[in-house]
Amino acid sequence: MQIKNNLSRLHALWVTLGWLAGLAIIFIVWAILAATVYKNQPNHGVNIGACFSAVGTILAKGNNWMALIIAWSQALSCFVGSLILAMCLIILSKYWKPIHYIMLPFVTLARSLPTAVLMALISIFLITVLPLVPITVAFFIIFPMMFAGFEKAINNINKDSIDVAKVFHISKWNQVRYIYLPQALPYIFSTFVAAFGLTFKIALASQMVQTWVTTPPNYPSAGMYIAQAMKQQQFPTVVAWGMIAIAISLIMELIIIEIGRPCMPNKYKDRTMIKNFFLKLRRK
């Protein structure tokens, strides 16, 4: 037990050192480029100090906070809707196979369509309901990702285990508890985390494209503020918005990881659980 705790601490230390080293390299390269290649182009060089100053300026305005809250709420509503729909369709497709074949072309086309084209088309079609644009764009990107991830999780379940459970007339609940969940959760959770952080960034990007393609949103919009700063060549402000978006995405991912950590199965624990389950069946 002590060795396991020491290994966990050592792993955490290496992860922390890796993060610090990576950030240090980014800032060093950033400072070198600003001082050499872009020395005579201060706007394009984007001085580090100017960017952090712009972050403070952005966060000091209440309207910007409202824009971030709106973007986050749009991303969250899309994420929850995509999650529920994907799980329902995956479950139904296991009982009625045609659902899988009906969803296949939709998922394939949605994943193949270039993101910029998708954003532009939805911005045009939904010009009368501007707040729905980021939600719809994110749905067309996140839903296929979730559907494919959940389907992969279900398909990777050991079929022999299910057949043995059926032979012994094991209840559906015990099948889910001892067979489905231990084997499917790692795939579901990784898809869940990846989609959770990505949704917010898609919402911001769709707000930007919406500003360029049609008309600016008629509500506080972080993407609109970024697009306006780019048009006016206020590059420190653009980078500052990007830093804020990265920070929010990381925080969202860390929160969902911490919430789901107690539910995440350990691979060795899973094997023991499944093994003990079938040993009990053998004794019976």
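Each residue of the sequence shown is one higher than the last, beginning at 35 in the numbering used here.
Heads up, the beta-carbon is just placed ideally off N, CA and C, and yes, glycines get one too.
**Report entry** Proximity winner among Asn98, Ser87, Leu117, relative to Leu225 (alpha-carbon distances)
**Finding:** Looking at the sequence provided, one finds Thr at residue 225 rather than Leu. Minimum Cα distance to Thr225 is reached at Leu117.
Query raised in the report: Near Ala9, what residues of its chain come up, given a Cβ to Cβ distance below 8 Å and the 5 sequence neighbours on each side ignored?
Result: Missing from the structure shown is residue 9; the chain here goes from 35 to 318 and no further.
Query - Pro178, buried or exposed, once every other Cβ within 10 Å from all chains shown has been counted against 16 - result: It is buried - the Cβ of Pro178 has at least 16 other Cβ atoms within 10 Å.
Requested in this report: Please report how far the alpha carbon of Tyr302 lies from the alpha carbon of Val210, in whole angstroms.
Outcome: Note that Tyr302 scores 40 on pLDDT, short of 50, meaning its location in the model is unreliable and no value can be drawn from it.
Query raised in the report: How big is the Cα-Cα spacing for Ser87 and Ala150?
Result: Those two C-alpha atoms are separated by around 31 Å.
Query - Ile169 to Val201 span [Cα, whole Å] - result: Computed Cα separation, rounded: 46 Å.
Query raised in the report: Can the beta-carbon of Ala94 be found closer than 7 Å to that of Leu238?
Result: In terms of Cβ geometry, Ala94 and Leu238 do not form a close pair [threshold 7 Å].
Query raised in the report: Curious, which full-length alpha helix (DSSP H) runs of at least 4 residues does the stretch 239 to 296 contain?
Result: The qualifying runs are 256 to 265, 269 to 294.
Query raised in the report: Going by other Cβ atoms of all chains shown within 10 Å of its Cβ, with 16 needed for buried, is Phe223 buried or exposed?
Result: Buried, because 16 or more other Cβ atoms sit within 10 Å of the Cβ of Phe223.
Report task. Hey, could you find the ends of the alpha helix (DSSP H) Pro168 is sitting in? Result -> Per DSSP, Pro168 belongs to the alpha helix (DSSP H) from 166 to 189.
Query raised in the report: Between the C-alpha atoms of Ala101 and Arg145, what's the straight-line distance to the nearest angstrom?
Result: Ala101 and Arg145 have their C-alpha atoms some 28 Å from each other.
Requested in this report: Output the boundary residues of the alpha helix (DSSP H) element that contains Phe140.
Outcome: Residues 132 to 146.
Query raised in the report: Thinking C-alpha only, which one of Pro139, Ile285, Ile125, Ser195 is nearest Phe230?
Result: Per the Cα distances, Ile285.
**Report entry** Euclidean distance between Cα positions of Val141 and Glu185
**Finding:** Val141 and Glu185: Cα-Cα distance of roughly 12 Å.
**Report entry** Extent of the continuous alpha helix (DSSP H) to which Leu117 belongs
**Finding:** Here the alpha helix (DSSP H) through Leu117 covers 96 to 129.
Query raised in the report: Is Ala4 buried or exposed, if buried means 16 or more other CB atoms sit within 10 Å of its CB?
Result: Residue 4 lies beyond the residue range present for the chain, which begins at 35 and ends at 318; the question has no answer from this structure.
Requested in this report: Within its chain, find whatever has a CB closer than 8 Å to the CB of Asn97; leave out the 5 residues flanking it on each side and keep chain order.
Outcome: The residues Pro254, in chain order, have a CB closer than 8 Å to that of Asn97 in the same chain once the five nearest residues on each side in sequence are set aside.
Query raised in the report: Under three-state DSSP, which class holds Ser205?
Result: Of the three classes helix, strand and coil, the one that applies to Ser205 here is coil, per DSSP.
**Report entry** Cβ-Cβ separation, Ile188 to Ile124 (assumed contact under 8 Å), whole Å
**Finding:** That pair is a contact at about 6 Å.
Query raised in the report: If you drop the 5 nearest sequence neighbours on each side, which residues of the same chain put their C-beta closer than 8 Å to that of Asn252?
Result: Within the same chain, Asn252 has close Cβ partners Leu164.
Query raised in the report: Taking the alpha-carbon positions, what's the Pro328 to Leu147 distance?
Result: Coverage of the chain is limited to positions 35 through 318, which leaves residue 328 absent and any answer about it impossible.
Query - Thr50 - DSSP class collapsed to helix/strand/coil - result: Thr50 carries a helical assignment under DSSP once its states are collapsed to helix, strand and coil.
Report task. Compute the Euclidean distance between the alpha carbons of Ala65 and Trp48, then round it to the nearest angstrom. Result -> One C-alpha to the other measures close to 26 Å.
Query raised in the report: Can you give the Cα-Cα distance for Ile60 and Ala199, rounded to whole angstroms?
Result: When rounded, the distance between both Cα atoms is 53 Å.
Query raised in the report: Excluding the five sequence neighbours on either side, which residues of its own chain have a C-beta within less than 7 Å of the C-beta of Leu166, listed in chain order?
Result: These residues qualify, in order along the chain: Leu160.
Report task. Look at the alpha carbon of Ser157 and the alpha carbon of Thr91, and state the distance between them as a whole number of angstroms. Result -> Each residue's alpha carbon lies about 30 Å from the other.
Query raised in the report: Once you ignore the five residues that flank Arg305 on each side, which residues in its own chain have a CB closer than 7 Å to its CB?
Result: In this prediction, Arg305 has a pLDDT of 47, which is less than 50 and means its spatial position is unreliable; what the coordinates show is noted afterwards. Spatial neighbours of Arg305 in its own chain (CB-CB distance under 7 Å, excluding positions within 5 residues in sequence) are not present.
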